[in-house]
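To keep things clear, I will list the structure first and then write my remarks on it.
Numbering (this note's numbering), first residue to last: 125 to 1301.
Put into structure tokens, the structure is as follows:
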């Protein structure tokens, strides 16, 4: 088998697909410049052969084998080698029928790598096995000599050179097999030790024990047989005795029954007499009840009502009298106050009339004078500055006034012309637009009618939605609140469940034991019903209560029975019925003594440290009533064992002192006090209950508004649809020509109206401005005189107003304070008088009302008193009648009770007799039952019954005395009981199995020992065989080594020999000689000579066991041309049955090759050319 051709695609420097055809089956050489891709061809062959150590092909990962590591866009490296397989003798196993074998290996970056043989995907192991079968194991190669290996050979130690020889001879594989065999021997030794241990420690003890058990079992069976014989005699006697007793008992039953019958007759006569007495009592009771029910009760009820009425009226009369007295005093005081305030008011009003009117007049006059003065000052200043007063009251120079007037005339004329032009244009446009609007009116009216109709429907819908009184989104808000509440409740429930699962005794669950069961009758678990006042005492209270902390409190023992019988309880509970427990309170004297003994702060009754509902006080007193909680152990010890106290005491740390002498204590529970955790749990429970109530409210609200929400949603949908339709109609109207023209017409009308008004204003302004201009032109001619005249008038007026204003100010300031004081006083007096009059009127009304009420109450009280006296007399008479009837009933009742007592005594006698009969019958039944049970249980009794008690037989009770038999049976049963404790009924079967197992184990041990012996003998035989093979291989390799080296270097000799005083199995070293003189060390050789030595040794190894393919990479690097040529010639002559692929840069080597491949590096990629040597015919 040899390489015929190769295909490289994307492998290392071969970026493009390269086909290398025409490999020679003997000698192929590859040459080219450094870096042109020579060695990459050899790497590709190793890649296909399945090399595992990528460093040997100068790569760190499979990605490095792809062209430029995949960065040039090529993501796949593929190498395909076609092997010629026509030589069947060198063909791989399983491929003898294939003339060629095509093997492909492919690497994809980020994808799946694969192997193919003849186009079929195969696992890596399949390819490796194929090459190993023809001595091409690339991971332990002797056919592959890469760069640098020649140098390594020279540095090898004797053991490493021996390893090369073993590899060439094929004994290396034996070493691996030998190591596996030694490992197997070690396992066999371990197995033998294990078997010995099993025999010694497991099987042998069991075997001895089972033999002992078998002996005891045989003894046990003998006792069983003797016991069966004795037991039969004893049971036969018991049967006979029981049968005789049952017959005697039946006669005694008849005697007792006759006594009972006579007693029953006497009771029947007494009961008849009781019935007569009861009939007479019933008649008297009917009469009594008639008197009492119909007459007495109505009289007493009426009397109570009138007595209540009398007391009530008396209280009201007295209260009314006190109210009238109080009102009279109040009226007198109010009248006095009103009279005094009226007199004071008259005086103040007279005083204000004098001062007040004058003050207001003066102040008003002063304000007007100041305003006039300010106007005069302003006018004077303007005239002084040359600004004369015009007709409109404004100040300006005459020239400015003239200019302003003319400008106004010009502006008015301009405005008038602009308005006329715009007005004419707008009127023309208006006529045109009105005509256009009339032509498009029909379409607009139709849309407008639709709009009005839709708006009416929308208004009706909005009214219906308002009537529903539903807010949009209210249902969604409620659902959101519900989901939020459920989310908040979930962690709270989890906390409660975690607590109850951790402390399951705090949970009490039951099913209602009957329909309409009152759940309030179950109060709950004790620990959940109490609240700890002082948290420090929580653990002490928990210890004090003990197991009672988890008892369940119910109202009555009936409830507790119902729950226990029909409540389907999940766990065992203790129930405390409140009607059955009666705890005893600790007396105050004992508590005071304890407090005096150790101090009030150091001791407290347990009951005072907890709060609980009052209805369960009896249960709490029963649990905690007789216990003290103490600060420390010393205090607890003093109180618990004090002769006048002697009560249980618990310390805050949980140490318990009992006066009976028991003490308990130790470290408190690491989990903490359950009571404190229950306090926290109550807060969580309350919060959860609150949220559950909110959730129920929300659910109720949701259920109530479902129909409303659906109806609202339906209406809302219609409303949205109508709103959209209206908006579309309006949009359509706005887009119509009529609407646009109408807007323009309205705009034009408004503009025309505005222009008309502006024109009228402009005309008036023009006329007034022209008149004003003429007046100003006349005044300009006499401007100086006009100015002086206006200035003089302004000055005079200013002086007059100054004096007047100053005088007015002084006058009103004098009267200001006096007037304000009087006004305030008068206002207060009026207010006070008004309130007094109101109070007087109200008091008079109340007085009249109370007097009228008092008179009515007095009359009613007199009538009530008379009626009460009358009713009291009637009640007394009726009670006398009823008392006489009661005496008659009591006499008859006493007689009845005497008869009942006699009957009860006789019934008691009957019960005793019945009890006696029952006992007798029970004994008879027991005897019969015993006979029946013996017959059922022991079938042999029925068969052997005729022989019971017969002399000379097995059941002769005089010979085999029953008492002795009974003792013997008990003795034998005790013996059997003792033996049965240690007896193993399966001992015989188990002993057989154990003996079988023991024999099997011994058999396995012998097999393992034989296997071990065979393996050791095989190793010994193979060691000898290996030594023989190595000796043969050493001789041939040594001979070839010397021959090749002397051929390559004439006059020189080389050999392989063991180190001094050692054999070839210990190692081999290289010796070189020149002209018969052997060198001491290879270090004495030149670099070229050392390379020839190493190469000769490698070629000698290859020649010993030729492989179908040899790969050499620049093995001639350190040799000169003549030696290189000699190596090429030698390879060609001596290795005719193997294919050589050699990389070399020297002519002496590749000139001997039959086919030469030349590599080049062009445009960043490697290419390859082929040339073939012409062979001589």
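All C-beta atoms, glycine included, are put in the ideal place defined by N, C-alpha and C. Quick caveat, the model's predicted, so the values are computed rather than measured.
- Message: For a test of the three-state rule: what should DSSP assign to residue 993, helix, strand or coil?
- Response: For residue 993, the secondary structure class from DSSP, reduced to helix, strand or coil, is helix.
- Which two residues bound the contiguous alpha helix (DSSP H) that contains residue 742? Run containing residue 742: 741–748, per the alpha helix (DSSP H) assignment.
- Task: Go ahead and pull the three-state DSSP assignment for residue 1301.
- Result: Per-residue confidence for residue 1301 stands at a pLDDT of 41, beneath the threshold of 50, marking its modelled position as unreliable; no derived number is given.
- Beta carbon of residue 146 nearer than 9 Å to that of residue 1282: Cβ distance not < 9 Å, so residue 146 and residue 1282 don't count as in contact.
- Message: If you reduce the DSSP assignment to three classes, tell me which class residue 1072 lands in.
- Response: Here residue 1072 sits in coil by DSSP.
- Item | DSSP beta-bridge partners of residue 1195 | 1179, per the DSSP bridge assignment.
- Looking at residue 1052 and the ligand FMN, is the gap between the Cβ and the nearest heavy atom below 8 Å? Ligands in the displayed structure: none, and consequently the ligand FMN is not present.
- Query: How should residue 164 be labelled, buried or exposed, when 16 other C-beta atoms within 10 angstroms of its C-beta is the threshold for buried?
  - Reply: Counting the other CB atoms within 10 Å of its CB gives residue 164 a total of 16 or more, which places it among the buried residues.
- Task: Check whether the stretch 584–597 touches the stretch 838–846, taking contact to mean three or more Cβ pairs, one atom from each stretch, closer than 8 Å.
- Result: Enough Cβ pairs lie closer than 8 Å, so yes.
- Task: Report yes or no: do the stretch 765–782 and the stretch 607–625 share at least 3 C-beta pairs separated by less than 8 Å?
- Result: No, they do not touch.
- Check whether the Cβ atoms of residue 132 and residue 202 sit closer than 9 Å, and answer yes or no. Yes; because the gap between Cβ atoms is below 9 Å, this pair is in contact.
- Task: Rounded to whole angstroms, what's the CA-CA distance from residue 310 to residue 1148? Just pull it up for me.
- Result: Rounded to whole angstroms, residue 310 to residue 1148 spans 22 Å at the Cα level.
- Item | Classification of residue 125 by the beta-carbon crowding that lies within 10 angstroms, buried from 16 upward | By the neighbour-count rule (16 or more Cβ atoms within 10 Å), residue 125 is buried.
- Message: Judging by CA-CA distance, which residue of 1063, 968, 576 and 306 is the nearest neighbour of residue 1146?
- Response: The residue from 1063, 968, 576 and 306 with its alpha-carbon nearest to that of residue 1146 is 306.
- Item | Cβ contact check for the stretch 989–1007 and the stretch 449–467: 3 or more pairs under 8 Å | Touching, no, given that fewer than three Cβ pairs across the two stretches are closer than 8 Å.
- Task: Compare the Cα-Cα distances from residue 408 to each of 1186, 614 and 1017 and report the closest residue.
- Result: Each of 1186, 614 and 1017 was checked against the Cα of residue 408, and the nearest Cα belongs to 1017.
- Is it right to say residue 1301 is buried, meaning 16 or more other beta carbons lie within 10 angstroms of its own, or is it exposed? Note that residue 1301 scores a pLDDT of 41, beneath 50, so its modelled location is shaky; the value from the coordinates is reported in the next line. It is exposed - the Cβ of residue 1301 has fewer than 16 other Cβ atoms within 10 Å.
- Task: Measure the Cβ-Cβ separation of residue 763 and residue 752 and say whether it is below 9 Å.
- Result: If you check the CB distance, residue 763 and residue 752 come in under 9 Å.
- Ranges of the alpha helix (DSSP H) found wholly within the stretch 698–761, counting only runs of at least 4: Within the stretch 698–761, the complete alpha helix (DSSP H) runs of at least 4 residues are 712–722 and 741–748.
- Query: Looking only at its own chain, which residues have a Cβ that is under 8 Å from the Cβ of residue 223, when we skip the five neighbours before and after it?
  - Reply: Cβ within range, chain order: 208, 209 and 210.
- Are the beta-carbon atoms of residue 578 and residue 850 separated by less than 9 Å? It is a contact, given that the beta carbons lie within the stated cut-off.
- 9 Å Cβ cutoff met for residue 677 and residue 702: Pairing residue 677 with residue 702 gives a Cβ-Cβ distance under 9 Å.
- Just checking, does the stretch 1244–1257 make contact with the stretch 1266–1277 on the three C-beta pairs under 8 Å criterion? The stretch 1266–1277 and the stretch 1244–1257 touch, with three or more beta-carbon pairs separated by less than 8 Å.
- Item | Per-residue DSSP class, three states only, for residue 1012 | Note: residue 1012 maps to helix in three-state DSSP.
- Evaluate contact between the stretch 560–573 and the stretch 859–873, counting only Cβ atoms and requiring at least three cross-stretch pairs below 8 Å. Remark: three or more beta-carbon pairs, one from each stretch, lie closer than 8 Å, so the stretch 560–573 and the stretch 859–873 are flagged as touching.
- Message: I'd like the span of the alpha helix (DSSP H) that includes residue 1215, first residue to last.
- Response: Run containing residue 1215: 1211–1228, per the alpha helix (DSSP H) assignment.
- Item | Three-state class that DSSP yields for residue 126 in the structure shown | Reduced to three states, the DSSP call for residue 126 is strand.
- N- and C-terminal bounds of the alpha helix (DSSP H) containing residue 614: Start and end: 598–626.
- Message: With DSSP as the reference, identify every bridge partner of residue 1237, one or two as the case may be.
- Response: DSSP links residue 1237 through a beta bridge to 1267.
- With respect to the alpha helix (DSSP H) encompassing residue 684, which residues constitute its N-terminal and C-terminal limits? First-last of the alpha helix (DSSP H) with residue 684: 681–690.
- Message: Please report the straight-line C-alpha distance between residue 871 and residue 548, rounded to a whole angstrom.
- Response: Take the alpha-carbon of residue 871 and the one of residue 548: they are about 15 Å apart.
- Could you give the distance in angstroms between the alpha-carbon of residue 1034 and the alpha-carbon of residue 1043? When only Cα atoms are considered, residue 1034 and residue 1043 end up about 14 Å apart.
- Message: Can you list, in chain order, the residues of its chain with a C-beta nearer than 6 Å to that of residue 1129? Leave out the 5 residues immediately preceding and following it.
- Response: Within the same chain, residue 1129 has close Cβ partners 319.
- Query: Considering only the beta carbon of each residue, do residue 536 and residue 879 sit closer than 9 Å?
  - Reply: No, they are not a contact pair.
- Cβ separation of residue 214 and residue 1232, assumed to be a contact under 8 Å, to the nearest whole Å: That belief holds up - the Cβ atoms of residue 214 and residue 1232 are roughly 5 Å apart, short of 8 Å.
- In terms of residue numbering, what span does the alpha helix (DSSP H) encompassing residue 669 cover? For residue 669, the enclosing alpha helix (DSSP H) stretches over residues 662–669.
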